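One structure is given here, and the rest of the page talks about it.
Protein chains: 2
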Amino acid sequence: MDEPSLAARIRVVLVGTQHPGNIGSAARAMKTMGLSRLALVAPERYPHADADALAAGAGDVLAAATLHADLAAAVADCTLVLGCTARSRRVPLPEHGPREAAAMALDEAAGGGEVALVFGRERTGLENDELQLCHAAVHIPANPDYSSLNLAAAVQVLAWELRSAMLGRAPAAQVEPRDPPASHAQLEGLFAQLAETLDAIDFHKGRAPESAMRKLRRLFLRSRLDAREVRLLRGVLADAQRMARLAGGGEHP
Amino acid sequence: MDEPSLAARIRVVLVGTQHPGNIGSAARAMKTMGLSRLALVAPERYPHADADALAAGAGDVLAAATLHADLAAAVADCTLVLGCTARSRRVPLPEHGPREAAAMALDEAAGGGEVALVFGRERTGLENDELQLCHAAVHIPANPDYSSLNLAAAVQVLAWELRSAMLGRAPAAQVEPRDPPASHAQLEGLFAQLAETLDAIDFHKGRAPESAMRKLRRLFLRSRLDAREVRLLRGVLADAQRMARLAGGGEHP
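Residue numbers (the working numbering), protein chains in the order written: chain A, 1 to 253; chain B, 254 to 506.
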């Protein structure tokens, strides 16, 4: 797959951006590196003259940007969601550097997947429930004494690594044929049914269900399930649910 | 030589910068990547409140910046001078990408040399007589349809490549601690219980069980489960088996 068609499968998602100028600068950073798909999740002020001004010649990227109420909506069709984070995170996820993340993103795009690179709020980054939607975290190993990259600077580093990797790719890198990867929505459907099943088989036994679900989500997100595997697992869950219903009938006739 | 002492031999030189805000943003980009030596050649407006504002927490880099009347003065003690340029140059110089340039700079610093990374004016770049002072040119292979990187963005890309190369030379890359991976025996125990559970919940419904088990094994092997995750999954399976027993009791009392 050639370079533009790979780039077309990779979107940048900015979540809760506070300063509209940063949206413009991010659009410019993207376009210089050949990326054009921008998704905005609940920006604080947008549209805004500062965004237009700082986009400079990347006004077309801004004009084509999509707006979403929450991150789940922005990544619903994505098969790989990478969340950029500062190091001290409370949600444990596999963590990659920018170069490794760029390679993952391109592999995914080359295999027909849809990739999101997600950047959080200027001050506070991504929230825990947003990180839960990510398959992996990307961390820019900045100076530990001053790791405060500007939002557009972080976008620039990731976009550069993507471009560098695209340019470095042999024209026809053979990617192992794979079943279509599961979309975000398919995975969330699986997780919802898993949560119901755990309840039905009385797995929690009074404990808070969050901890187990968090661990199971992490495991299955890391596994990069394909759509067929999601169907297989949901089939297993459906039978477990059926048994639980029968058992409920058996216990309380 | 360790990372700070390598960084101490590398300076960023901004020539004829027009917008003082870009000087501040460049200082910030440098500091996030562990660079601290900034030299300013005939900036149009400096000092300036915009520079201070955009430097954010990198005010120390600005405060320590040296001011020079021309590029020759700023690089007088340098043993390697790399000039960042757009592609169409009129002075033929060996040209390198950012990664190659970063490796050259570190080699030079590690050998005891002094390195300058030189960035020209926002609109017009470096002049011919300035390029004549450079040992080589650095070119960021941007989108040919829109190659207009902001000055601070170009500094960010080069500074990131330097940092990445420095960290790559570090003796031991830090690997995130992880729970101990599951042993072969633990995984086989999980798969055996999974097979039993599929039987118990009547998942196969007359089909040969091998196909589903093969797919599930592949999925879980790929996930590189740790021992704790194996225990969690086996707990879920145990409850599903318990429900199946209760259901069996309900069906055939």
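All residues carry an ideal CB built from backbone N, CA and C; glycine is no exception. Note that the structure is predicted; figures quoted are calculated from it, not measured.
#1: Just mark A172/A as buried or exposed, buried being the case when its beta carbon has 16 or more other beta carbons within 10 Å.
#2: For the structure I just gave you, are there three or more beta carbon pairs, one from the region 15-29 of chain A and one from the region 53-64 of chain A, closer than 8 angstroms?
#3: Tell me which residues of the region 344-378 of chain B have at least one Cβ-Cβ distance to chain A shorter than 9 angstroms, keeping chain order.
#4: What are the partner residues of C387/B, as DSSP defines its beta bridges?
#5: Around the Cβ of S417/B, are there at least 16 other Cβ atoms within 10 angstroms (buried) or fewer (exposed)?
#6: Return the Cβ separation of R487/B and L443/B in integer angstroms, given the expectation that the two are a contact with Cβ distance under 8 angstroms.
#7: Report the residues of the region 385-396 of chain B with a CB closer than 7 angstroms to any CB of chain A, ordered along the chain.
#8: Within the same chain, show all residues whose beta-carbon is closer than 7 angstroms to that of W277/A, passing over the 5 residues directly before and after it, in chain order.
#9: Against V410/B, what residues of chain A qualify as contacts under a CB-to-CB distance less than 8 angstroms, listed in chain order?
#10: Hey, quick one: how far does the alpha helix (DSSP H) through R222/A stretch, first residue to last?
#11: Look at P94/A and A136/A and say whether their C-beta atoms are less than 7 angstroms apart.
#12: Could you give the distance in angstroms between the alpha-carbon of G59/A and the alpha-carbon of A27/A?
#13: Could you give the distance in angstroms between the alpha-carbon of Y146/A and the alpha-carbon of E297/B?
#14: Listing by chain order, which chain B residues have their CB less than 7 angstroms from the CB of S223/A?
#15: Indicate whether at least one CB of chain B lies closer than 7 angstroms to the CB of E196/A.
#16: Return yes when the Cβ of R222/A is within less than 7 angstroms of the Cβ of S476/B, no when it is not.
#17: Which residues in chain A sit within 7 angstroms of I454/B, going by Cβ to Cβ distance?
#18: What first and last residue would you give for the alpha helix (DSSP H) that runs through I23/A?
#19: Would the beta-carbon of Q193/A fall within 7 angstroms of that of A227/A?
#20: Closest to L335/B by C-alpha separation, out of D303/B, I263/B, R460/B, R498/B, would be which residue?
#21: I want to verify the contact list: residues of chain B whose CB lies under 8 angstroms from the CB of S5/A, in sequence order.
#22: Which runs of the alpha helix (DSSP H) fall wholly inside the region 33-58 of chain A and span at least 4 residues, in chain order?
#23: Over what stretch of residues does the beta strand (DSSP E) that includes G83/A continue unbroken?
#24: I'd like to check one pair, V15/A with V41/A: are the Cβ atoms closer than 7 angstroms?
#25: Based on the DSSP secondary-structure assignment, which residues constitute the bridge partners of D479/B?
#26: Between M496/B and the rest of its own chain, which residues show a CB-CB distance below 7 angstroms, the 5 nearest in sequence each way excluded?
#27: In whole angstroms, give me the CA-to-CA distance for G365/B and A152/A.
#28: Helix, strand or coil: how does DSSP classify A116/A here?
#29: Is S289/B close to chain A, meaning its C-beta is less than 7 angstroms from at least one C-beta of that chain?
#30: Are the C-beta of T270/B and some C-beta of chain A separated by less than 7 angstroms?
#31: At 8 angstroms on the CB atoms, spell out the chain A contacts of Y399/B, in chain order.
#32: At the 7 angstroms Cβ level, is A406/B part of the contact set with chain A, yes or no?
#33: Could you work out which residues of chain A lie near E482/B, taking near to mean beta carbons separated by less than 8 angstroms?
#34: Apart from the five residues on each side of it in sequence, which residues of its chain come closer than 7 angstroms, Cβ to Cβ, to L386/B?
#35: From this set, L472/B, A316/B, T377/B, A292/B, which residue's C-alpha is nearest K179/A's C-alpha?
#36: Can you find a C-beta in chain B that's less than 7 angstroms from the C-beta of L80/A?
Quick answer:
#1: Counted from its first residue, the first sequence places residue 172/A at position 172. The predicted position of A172/A is uncertain, since its pLDDT is 41 and thus under 50; no value can be drawn from it.
#2: yes
#3: G350, P351, R352
#4: Walking along the second sequence from the start, residue 387/B turns up at place 134. Per DSSP, none; premise fails for C387/B.
#5: Counted from its first residue, the second sequence places residue 417/B at position 164. It counts as buried.
#6: Reading the second sequence from its first residue, position 234 is the one you call residue 487/B. Reading the second sequence from its first residue, position 190 is the one you call residue 443/B. Contact check for R487/B and L443/B: beta-carbon distance about 6 angstroms, within the 8 angstroms limit, so the pair qualifies.
#7: Of all residues in the region 385-396 of chain B, those with a C-beta nearer than 7 angstroms to a C-beta of chain A are P394, A395, N396, reading in chain order.
#8: Any answer about residue 277/A is impossible in this case: the structure gives chain A only from 1 up to 253.
#9: Position 157 of the second sequence, counting from 1, holds the residue named residue 410/B. Within chain A, the C-beta atoms nearer than 8 angstroms to that of V410/B come from Q156, V157, W160, in chain order.
#10: Against the first sequence, residue 222/A aligns to sequence position 222. 210-222 is the extent of the alpha helix (DSSP H) around R222/A.
#11: Stepping through the first sequence from its first residue, residue 94/A is reached at position 94. Stepping through the first sequence from its first residue, residue 136/A is reached at position 136. Yes.
#12: As a first step, residue 59/A must be located in the first sequence, where it is residue number 59. As a first step, residue 27/A must be located in the first sequence, where it is residue number 27. Taking the straight line joining both Cα atoms gives about 8 angstroms.
#13: By one-based count along the first sequence, residue 146/A stands at place 146. By one-based count along the second sequence, residue 297/B stands at place 44. Looking at the two C-alpha atoms, the distance is approximately 28 angstroms.
#14: Along the first sequence, one-based indexing puts residue 223/A at 223. Neighbours of S223/A on chain B, chain order: L472, R475, S476.
#15: The sequence position of residue 196/A within the first sequence is 196, counting from 1. It does not: the Cβ of E196/A has no partner Cβ on chain B nearer than 7 angstroms.
#16: As a working mapping, residue 476/B is identified with position 223 in the second sequence. As a working mapping, residue 222/A is identified with position 222 in the first sequence. It is a contact, given that the beta carbons lie within the stated cut-off.
#17: To locate residue 454/B, count along the second sequence from 1; it is residue 201. Result: D239, A240, M243.
#18: As a first step, residue 23/A must be located in the first sequence, where it is residue number 23. From DSSP, the alpha helix (DSSP H) with I23/A extends over 20-32.
#19: Along the first sequence, read from residue 1 onward, the residue named residue 193/A stands at position 193. Along the first sequence, read from residue 1 onward, the residue named residue 227/A stands at position 227. Contact: no.
#20: Here residue 335/B corresponds to residue number 82 of the second sequence, with the count starting at 1. Answer by Cα proximity: I263/B.
#21: For this step, residue 5/A is matched to residue 5 along the first sequence. Per Cβ cutoff of 8 angstroms: no residues; S5/A is ~15 angstroms from chain B at best.
#22: 49-55
#23: As a position in the first sequence, residue 83/A is number 83, starting the count at 1. Counting along the chain, the beta strand (DSSP E) containing G83/A begins and ends at 80-84.
#24: Taking the first sequence and counting its residues from 1, the one referred to as residue 41/A is at position 41. Taking the first sequence and counting its residues from 1, the one referred to as residue 15/A is at position 15. Yes, they are a contact pair.
#25: Here the question's residue 479/B lines up with position 226 in the second sequence. P434/B.
#26: Position 243 of the second sequence, counted from the first residue, corresponds to residue 496/B. Within the same chain, M496/B has no close Cβ partners at all.
#27: Counting from 1 along the second sequence, the entry for residue 365/B is found at position 112. Counting from 1 along the first sequence, the entry for residue 152/A is found at position 152. Their backbone Cα atoms lie some 34 angstroms apart in a straight line.
#28: If you number the first sequence from 1, residue 116/A lands on position 116. DSSP places A116/A in strand when its eight states are reduced to three.
#29: Working through the second sequence from its first residue, we reach residue 289/B at position 36. Closer than 7 angstroms: no.
#30: Stepping through the second sequence from its first residue, residue 270/B is reached at position 17. It does not; no Cβ of chain A falls within 7 angstroms.
#31: By one-based count along the second sequence, residue 399/B stands at place 146. Neighbours of Y399/B on chain A, chain order: K31, T32, G57, A58.
#32: As a first step, residue 406/B must be located in the second sequence, where it is residue number 153. Yes, because at least one Cβ of chain A sits closer than 7 angstroms to the Cβ of A406/B.
#33: Taking the first residue of the second sequence as 1, we reach residue 482/B at position 229. Those are K215, L219, listed as they occur along chain A.
#34: As a working mapping, residue 386/B is identified with position 133 in the second sequence. L324, A325, V328, V334.
#35: Taking the first residue of the first sequence as 1, we reach residue 179/A at position 179. For the record, residue 179/A in the displayed sequence is Asp; it is not Lys. Of the listed residues, the one whose Cα sits closest to D179/A is L472/B.
#36: As a first step, residue 80/A is located in the first sequence; it is residue number 80 there, counting from the start. No, its Cβ sits nowhere closer than 7 angstroms to a Cβ of chain B.
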